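So the sequence shown is numbered by full-length UniProt numbering: it starts at 1 and just counts up by one.
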Amino acid sequence: MFLNTLLVVLTDLAAGLMGSANFRRHFHLFLSGLIMFGPALSMWVSQHSIFAKRTNFLYRAFLRSGWGWTCIFVGSFVFLLSFSVRRSLVLSLRHLSRLVVAGVLWVGFRKLLDVLENATGSCYEPLSAVDGQPTVDGQPFLLLREGASKQLCVGNGMLWRGYEVSEDIFLLCLCCLLVAEETAVFGPYLTLGGPSGAPLRLLFLFCVTLLGLWMFLLLCLLAYFPAFPTQILGGALGCLSWRGLYQGWYRLGPSWYCPGRPGVGLFTTKEGGKPE
1 MFLNTLLVVL
11 TDLAAGLMGS
21 ANFRRHFHLF
31 LSGLIMFGPA
41 LSMWVSQHSI
51 FAKRTNFLYR
61 AFLRSGWGWT
71 CIFVGSFVFL
81 LSFSVRRSLV
91 LSLRHLSRLV
101 VAGVLWVGFR
111 KLLDVLENAT
121 GSCYEPLSAV
131 DGQPTVDGQP
141 FLLLREGASK
151 QLCVGNGMLW
161 RGYEVSEDIF
171 LLCLCCLLVA
181 EETAVFGPYL
191 TLGGPSGAPL
201 RLLFLFCVTL
211 LGLWMFLLLC
221 LLAYFPAFPT
231 QILGGALGCL
241 SWRGLYQGWY
251 RLGPSWYCPG
261 RPGVGLFTTK
271 EGGKPE
């Protein structure tokens, strides 16, 4: 009984925050400010910290498979919420299709960024001073290697220099905004008295926890591995992707070519998608 009461209290508080108008209106601004000024934290963090190592467990377990974790938890929440309200598999799949669209966008941008980086970059082999080669300001000369791709270049221990966009920051930014959008409907859902058993509430808390984890990892990357302007570009691309989908295309309303915004068809039949 105590655990169930605690679960209800925690989910009600989190749902109230996530569903508030101020949070939905200003979260992307907060995230943008974090990306802009987060690298300034590098002046105060310790490079001996465990988070200063790319081999850290959180980076290996979550960052490399961030989209998979987002799909598992957010997809389960969206499906269970929509199916609990309407008992319609078609409607549930329509709401899940927003994750499919975002996934296709993520994969497409990754391919495009790889092509751009390979087209604009070059591979260099450092010439060590140990081999009798001269250096400039303590840095070895670089010998240009023509015809090598980034993957082959880095795999052979050489240096790749080109125009880059941080895929990690792009992914984390997109996942944060997606989780915030998809879970924001839970507050109005509870206000309207929708069925909210323990499984649905637990999934919601998992999504909120995942959002906190993505923001923590985002802050760690900005503070411990600052890279200007690649991280700024990655964050901008993530925000633009979110705005193009949730603030643009999905506002057209549900149809054969548009899945609609979160909540549309669940609480109201109006195309605005907001609970009455």
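Beta carbons are placed, not taken as given, at the ideal position from N, Cα and C, and that holds for glycine. All values reported here derive from a predicted model rather than from experimental measurement.
Using 10 angstroms around the beta-carbon of Tyr250, count the other beta-carbons present and answer buried if the total reaches 16, otherwise exposed. buried
Excluding sequence positions up to five away, which residues of its chain have a Cβ less than 7 Å from the Cβ of Glu181? Tyr246 and Pro262
Backbone secondary structure at Trp256 - three-state DSSP: coil
How would you call Trp44, buried or exposed, if buried means at least 16 neighbouring beta carbons within 10 angstroms? exposed
Out of curiosity, what's the CA-to-CA distance linking Trp242 and Pro226? 23 Å
Assign Trp256 to one of two classes, buried (16 or more other C-beta atoms within 10 Å of its C-beta) or exposed (fewer than that). exposed
When the distance is taken between beta carbons, is Glu167 closer than 9 Å to Leu240? no
Roughly how many whole angstroms lie between the Cα atoms of Asn22 and Ala119? 42 Å
For Ala184, which of helix, strand or coil comes out of DSSP? coil
Please state if the CB of Leu203 and the CB of Phe73 are separated by a distance shorter than 9 Å. yes
Return the CA-CA distance between Leu192 and Leu80, expressed in angstroms with no decimal places. 17 Å
With a 10 Å radius around its C-beta and 16 neighbouring C-beta atoms as the bar for buried, classify Ala15 as buried or exposed. buried
Could you check whether the segment 231 to 238 touches the segment 53 to 68, counting it as contact only if at least three pairs of C-beta atoms, one from each stretch, sit closer than 8 Å? When C-beta atoms of the segment 231 to 238 are compared with those of the segment 53 to 68, fewer than three pairs fall below 8 Å, so the two segments do not count as touching.
Using a Cβ distance threshold of 8 Å, determine whether the segment 213 to 230 contacts the segment 184 to 201, with at least three qualifying pairs required. The count of Cβ pairs closer than 8 Å, one atom from the segment 213 to 230 and one from the segment 184 to 201, stays below three, leaving the stretches out of contact.
Can the beta-carbon of Cys207 be found closer than 9 Å to that of Val179? yes
So, at 8 Å on beta carbons, what are the nonlocal neighbours of Ser32 in its own chain, with the 5 sequence-adjacent residues on each side left out? Gly235 and Cys239
Using only the alpha-carbon positions, how far apart do Gln151 and Phe228 sit? 22 Å
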